[in-house]
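> First to last, the sequence lines map onto chains A and B.
Okay, so the first sequence: first residue is 4 according to our numbering, each after it adds one.
Okay, so the second sequence: first residue is -15 according to our numbering, each after it adds one.
Just so you know, even glycine gets a beta-carbon here, dropped at the ideal spot from N, CA and C.
All values reported here derive from a predicted model rather than from experimental measurement.
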Amino acid sequence: NAGVMQNPRHLVRRRGQEARLRCSPMKGHSHVYWYRQLPEEGLKFMVYLQKENIIDESGMPKERFSAEFPKEGPSILRIQQVVRGDSAAYFCASSPTSGGSDTQYFGPGTRLTVL
Amino acid sequence: AQSVTQLDSQVPVFEEAPVELRCNYSSSVSVYLFWYVQYPNQGLQLLLKYLSGSTLVKGINGFEAEFNKSQTSFHLRKPSVHISDTAEYFCAVSETGDDKIIFGKGTRLHILP
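This is the structure:
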């Protein structure tokens, strides 16, 4: 059973460009979470999605950031008009159920560098 | 609001010595508690978790943690560390019924030869 997959592993963008990060959850998992890790910081929750639904986006910046988890295909975290402060590692996690007690399995992350 | 404090940003320890990584949390409701490990340039791996029941939780790689409700702590311990334990360790909390996990800032464990 393959783990959580994220691609690309490294992404370089210039200021003003769009960044698109992909996450394929573990097989059988329908709950996806996105976290951001800034340098020297812990992970910060961004958004929680189920298939075709955003359940909790309380950690998402109000502008430029969006996320989706379509019926088919991976979950996408999209950052429009990137700025230097968006440089971070973005981790996706998945779980089979919701409620917090189930383990969230993390992917290897996408490291975004904005020049 | 819930929060997690990891008191030590870095902990150096000699190989085969015991180690304790400290974690305190704050929450007004009952919680689940987790310790994750992150090896360089990798994602997070669950070491152990406390949901309910026995306050002493055993995890992978010889780690264990004890939930202390009165002190709102969940310290991680290992009796004898190995060079392969060099990594960053994150304590985390989620409120029961909530889906998001709140992470501490992490503790870097340096194993000295």
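Within the same chain, show all residues whose beta-carbon is closer than 6 Å to that of glutamine 29 of chain B, passing over the 5 residues directly before and after it, in chain order.
Contacts found: Val21.
> Measure the C-alpha to C-alpha separation of isoleucine 58 of chain A and tyrosine 36 of chain A and round it to an integer number of angstroms.
Taking the straight line joining both Cα atoms gives about 10 Å.
> Does any residue of chain B bring its CB to less than 8 Å from the CB of leucine 46 of chain A?
It does: the Cβ of leucine 46 of chain A has a partner Cβ on chain B nearer than 8 Å.
> Per DSSP, phenylalanine 94 of chain A forms a beta bridge with which residues?
According to DSSP, which records beta bridges pairwise, phenylalanine 94 of chain A is partnered with A/Tyr38.
> By Cβ distance below 7 Å, which residues in the same chain neighbour phenylalanine 94 of chain A in space, the five residues on each side in sequence not counted?
For phenylalanine 94 of chain A, where only same-chain residues beyond five positions count, the Cβ hits under 7 Å are Tyr38, Gln40, Leu46, Phe109, Gly110, Gly112.
> Can you tell me the Cβ-Cβ gap for threonine 91 of chain B and leucine 5 of chain B, rounded? I've got them flagged as a contact below 8 Å.
Rounded, the Cβ-Cβ distance is 5 Å, consistent with contact.
> Between the Cα of arginine 12 of chain A and the Cα atoms of B/Gln26, B/Thr70, B/Trp19, B/Glu(-1), which residue gives the shortest distance?
Measuring from the Cα of arginine 12 of chain A, the nearest candidate turns out to be B/Gln26.
> Buried or exposed for proline 28 of chain A, going by 16 or more other Cβ atoms inside 10 Å?
Classification of proline 28 of chain A: buried, given that the 10 Å Cβ count is 16 or more.
> Measure the beta-carbon distance from isoleucine 67 of chain B to isoleucine 95 of chain B and round it to whole angstroms, keeping in mind my assumption that it falls under 8 Å.
Yes, they are in contact, since the Cβ atoms of isoleucine 67 of chain B and isoleucine 95 of chain B sit about 5 Å apart, within 8 Å.
> Buried or exposed, going by whether 16 or more other CB atoms sit within 10 Å of the CB of glutamine 62 of chain B?
For clarity, residue 62 of chain B is lysine in the given sequence; the question names glutamine instead. Under this definition lysine 62 of chain B is a buried residue.
> Does any residue of chain B bring its CB to less than 8 Å from the CB of glutamine 84 of chain A?
Judged by the 8 Å Cβ criterion, glutamine 84 of chain A is not in contact with chain B.
> For alanine 22 of chain A versus leucine 115 of chain A, is the C-beta distance shorter than 8 Å?
Their beta carbons are under 8 Å apart, which means alanine 22 of chain A touches leucine 115 of chain A by this criterion.
> Would you decide whether glutamine 9 of chain A is buried or exposed? Buried here means 16 or more other CB atoms lie within 10 Å of its CB.
Under this definition glutamine 9 of chain A is a buried residue.
> Our contact map puts proline 99 of chain A next to glycine 31 of chain A with C-beta atoms below 8 Å; I'd like the distance itself, whole angstroms only.
Confirmed, about 6 Å.
> Enumerate in chain order the residues of its own chain whose CB-to-CB distance from serine 90 of chain A is below 7 Å, with the five nearest sequence positions on each side excluded.
Around serine 90 of chain A: Leu115, Thr116, Val117.
> Can you grab the Cα-Cα spacing for the pair glutamine -6 of chain B / leucine 93 of chain B, in whole Å?
Spanning the two alpha carbons is a distance of roughly 6 Å.
> Taking the C-alpha atoms as reference points, what is the distance between lysine 84 of chain B and serine 61 of chain A?
Going from the Cα of lysine 84 of chain B to the Cα of serine 61 of chain A covers about 10 Å.
> In whole angstroms, what is the alpha-carbon distance linking arginine 1 of chain A and serine 36 of chain B?
Residue 1 of chain A is absent from the structure shown; chain A starts at 4 and stops at 118.
> Rounded to whole angstroms, how far is the Cβ of leucine 17 of chain B from the Cβ of valine 65 of chain B, which I believe are closer than 8 Å?
That pair is no contact at about 21 Å.
> So serine 10 of chain B and serine -13 of chain B are supposed to be a Cβ contact under 8 Å. How far apart are they, rounded?
Yes, they are in contact, since the Cβ atoms of serine 10 of chain B and serine -13 of chain B sit about 5 Å apart, within 8 Å.
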